[in-house]
Amino acid sequence: MEFRGSHILSVDQFARDDIGTIFDVARRMEPFAQRRKVTRVLEGAVEGNLFFEPSTRTRVSFAAAFNRLGGSVSSTTGFQFSSMAKGESVYDTARVMAGYCDVLVMRHPVEGAVQELADAVHVPVINGGDGPGEHPTQALLDLYTIQKETGRDLSALDGLRIALVGDLRYGRTVHSLTKLLTLFRDVTFVFIAPQELQMPRAITDKVRARGLAVHETEDLGAGIADVDVVYVTRIQQERFTTPEDADKYRGFYSINRAVYEKHCRPGTILMHPLPRDSRPGANELAADLNSHPELAIFRQADNGIPIRMALFALVLGVADRVEEGARDVAWYVPERIGTQDTLDYGERLERSR
Ligand code: NCD
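Each residue of the sequence shown is one higher than the one before, counting from 1 in this note's numbering.
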């Protein structure tokens, strides 16, 4: 695809080569993402960050990514602090913000609202999550993480076996990731969810139409037994009609160290888009796994920065110019930065013994 000037709204717009392009640029962004080098390639450019649903990682990492490229960020968070609380439409908000900014990122509770924003403006728009719809940048950073954690390059992702656990009905990250993985051959999907929260039929049909294997089960232990990656999600309580409806499923699945050691093969990567629900009775991914070498969740969150930097550089047409005038940072950089990302699979396995 032609990235320059494009919106990023759905993973459906990517071909396999496009993923390769994004990941190549993301790899070049790593020294800047890790704050070991500085670039000013987007100096003077402004990003508009419009977040109308709770967010920590996505909002902060989009802004951080834009800042790392030398640009500045204007943001509005929550309906109550924006003119939408006064009845302003997405269209009017879009037209105004497009006058102030060179690129817009929006998260909104209504599926399709980000498309509506994109239709109204001439600047690139990136979907930061639209209700239960899609979360394309999360899927890209998830795939980038899978690639790094399993030590495979993109072509070696054919044959991947992945279990997706939890609220597959309302979880937009699992919708986008599943669709993105259909670009690869021989991928096996194990969808582990209470029956009412299984993956939407339209998505499983798409997976099957590509000739890929789909197993749907409620049985956690059997489902996570023979896969390369276990991707856990929280119950998306905000999408249920009442809190009591969501409560029925809270704690339905909980993966802790004992469950992992009993059922998973050594080396199985544990992922979660975050936030984990750490309240009593939930704990879909327990804190006793925090020091486990295969718990990739914080490295996964770190990967949001290089991926989002790559997308900004591509849609604003500066991906080839990022290294121009780049320099090393002058301040003290702790050892830790970078090393948590470069630890390879063999080393991690060694440490886990
Ligand atoms: C996810 C989201 O907002 O869809 N969070 C994120 O962006 N990393 C997952 C979630 O909220 O459960």
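Yeah, the Cβ is synthetic: ideal placement off N, Cα and C, and Gly gets one too.
Checklist entry - Is residue 279 buried or exposed, if buried means 16 or more other CB atoms sit within 10 Å of its CB? => result As a first step, residue 279 must be located in the sequence shown, where it is residue number 279. When all chains shown are included, residue 279 counts as exposed.
Next on the checklist: Using CA atoms only, rank isn't needed, just tell me which of 191, 245 and 96 is closest to residue 227.
Outcome noted: Mapped onto the sequence shown, residue 227 falls at position 227. Out of 191, 245 and 96, 191 has the C-alpha closest to the C-alpha of residue 227.
Item to check | Length of the line joining the Cα atoms of residue 83 and residue 257 | outcome: As a working mapping, residue 83 is identified with position 83 in the sequence shown. As a working mapping, residue 257 is identified with position 257 in the sequence shown. Their backbone Cα atoms lie some 47 Å apart in a straight line.
Checklist entry - How many whole angstroms separate the CB atoms of residue 8 and residue 137, which I take to be in contact at a CB cut-off of 8 Å? => result The residue given as residue 8 occupies position 8 in the sequence shown. The residue given as residue 137 occupies position 137 in the sequence shown. Between residue 137 and residue 8 the Cβ distance is about 7 Å, and since that is below 8 Å, they are a contact.
Checklist entry - Can you tell me the Cα-Cα spacing of residue 253 and residue 259, whole angstroms? => result If you number the sequence shown from 1, residue 253 lands on position 253. If you number the sequence shown from 1, residue 259 lands on position 259. Using only the alpha carbons, I get a separation of about 10 Å.
Checklist entry - Which residues share a DSSP beta bridge with residue 165? => result As a working note, residue 165 is residue 165 in the sequence shown. According to DSSP, residue 165 bridges with 192 and 232.
Checklist entry - Can you find a CB in chain B that lies within less than 8 Å of the CB of residue 78? => result Although the question refers to chain B, the structure presented lacks it and comprises just one protein chain.
Item to check | With 16 other Cβ atoms within 10 Å as the buried cut-off, status of residue 283 | outcome: Locating residue 283 in the sequence shown gives position 283, counting from the first residue. So residue 283 counts as buried.
Next on the checklist: Only counting the same chain, and skipping five residues up and downstream in sequence, which positions put a Cβ closer than 7 Å to that of residue 237?
Outcome noted: Translated into the one-based positions of the sequence shown, residue 237 becomes position 237. Excluding positions up to five away in sequence, the list reads 243 and 246.
Checklist entry - Hey, would you say the C-beta of residue 251 is under 7 Å away from at least one heavy atom of the ligand NCD? => result In the sequence shown, the residue the question calls residue 251 occupies position 251. No, the beta carbon of residue 251 sits no closer than 7 Å to any heavy atom of the ligand NCD.
Next on the checklist: Closest to residue 58 by C-alpha separation, out of 318, 207, 71 and 107, would be which residue?
Outcome noted: Start at 1 with the first residue of the sequence shown, and residue 58 comes out as number 58. Measuring from the Cα of residue 58, the nearest candidate turns out to be 107.
Checklist entry - Is it the case that the Cβ atoms of residue 157 and residue 189 are separated by a distance below 8 Å? => result Start at 1 with the first residue of the sequence shown, and residue 157 comes out as number 157. Start at 1 with the first residue of the sequence shown, and residue 189 comes out as number 189. The Cβ-Cβ distance between residue 157 and residue 189 does not fall below 8 Å.
Checklist entry - Going straight from the alpha carbon of residue 202 to that of residue 214, what length do you get? => result For this step, residue 202 is matched to residue 202 along the sequence shown. For this step, residue 214 is matched to residue 214 along the sequence shown. If I take the Cα positions, the gap works out to 13 Å.
Next on the checklist: For a test of the three-state rule: what should DSSP assign to residue 368, helix, strand or coil?
Outcome noted: This structure cannot settle anything about residue 368, because the visible part of the chain is limited to 1 through 353.
Item to check | Of the listed residues 322, 332 and 334, nearest to residue 38 (C-alpha basis) | outcome: Residue 38 sits at position 38 when you count from the first residue of the sequence shown. Nearest C-alpha to residue 38: 322.
Checklist entry - What span of residues does the alpha helix (DSSP H) with residue 221 cover, start to end? => result In the sequence shown, residue 221 corresponds to position 221, counting from 1. 220-223 is the span of the alpha helix (DSSP H), which, as asked, contains residue 221.
Checklist entry - Relative to the alpha-carbon of residue 27, which residue among 200, 145, 241 and 159 has its alpha-carbon at the smallest distance? => result Taking the first residue of the sequence shown as position 1, residue 27 is located at position 27. The candidate whose alpha carbon is nearest that of residue 27 is 145.
Next on the checklist: Quick check: the Cα distance between residue 90 and residue 225, rounded to an integer number of angstroms?
Outcome noted: Indexing the sequence shown from 1 puts residue 90 at position 90. Indexing the sequence shown from 1 puts residue 225 at position 225. About 45 Å.
Checklist entry - Is residue 318 closer than 8 Å to residue 41 when the C-beta atoms are compared? => result The residue labelled residue 41 in the question sits at position 41 within the sequence shown. The residue labelled residue 318 in the question sits at position 318 within the sequence shown. Yes.
Checklist entry - What does DSSP give as the partner residues of residue 72 in its beta bridges? => result Locating residue 72 in the sequence shown gives position 72, counting from the first residue. Residue 72 is bridged to 46.
Checklist entry - Would the beta-carbon of residue 269 fall within 8 Å of that of residue 296? => result Your numbering for residue 269 matches position 269 in the sequence shown. Your numbering for residue 296 matches position 296 in the sequence shown. Yes. Within cutoff.
Item to check | Neighbour-count burial assignment, residue 85, 16 or more Cβ in a 10 Å radius | outcome: As a position in the sequence shown, residue 85 is number 85, starting the count at 1. Looking at its Cβ environment, which holds fewer than 16 other Cβ atoms inside 10 Å, residue 85 is exposed.
Next on the checklist: Shorter than 7 Å, the distance from the beta carbon of residue 159 to the closest heavy atom of the ligand NCD, or not?
Outcome noted: Locating residue 159 in the sequence shown gives position 159, counting from the first residue. Not so, every heavy atom of the ligand NCD lies at least 7 Å from the Cβ.
Next on the checklist: Could you give the first and the last residue of the continuous alpha helix (DSSP H) run that contains residue 29?
Outcome noted: Walking along the sequence shown from the start, residue 29 turns up at place 29. Segment 16-33, the alpha helix (DSSP H) holding residue 29.
Next on the checklist: As a quick exercise: from 148, 220, 44 and 131, pick the residue whose alpha carbon is nearest that of residue 176.
Outcome noted: Here residue 176 is taken as the residue at index 176 of the sequence shown, counted from 1. Ranking the options by Cα distance to residue 176, first place goes to 131.
Item to check | Candidates 48, 35 and 65: closest to residue 305 by CA position | outcome: Taking the first residue of the sequence shown as position 1, residue 305 is located at position 305. For the residues 48, 35 and 65, the minimum Cα distance to residue 305 belongs to 65.
Item to check | For residue 51, three-class secondary structure by DSSP | outcome: Locating residue 51 in the sequence shown gives position 51, where the first residue counts as 1. Correct three-state label for residue 51: strand.
Item to check | Local Cβ density within 10 Å of residue 179, reported as buried at 16 or more and exposed below that | outcome: For this step, residue 179 is matched to residue 179 along the sequence shown. It counts as buried.
Item to check | Residue from 62, 50, 239 and 291 with nearest C-alpha to residue 171 | outcome: One-based indexing of the sequence shown puts residue 171 at position 171. Measuring from the Cα of residue 171, the nearest candidate turns out to be 239.
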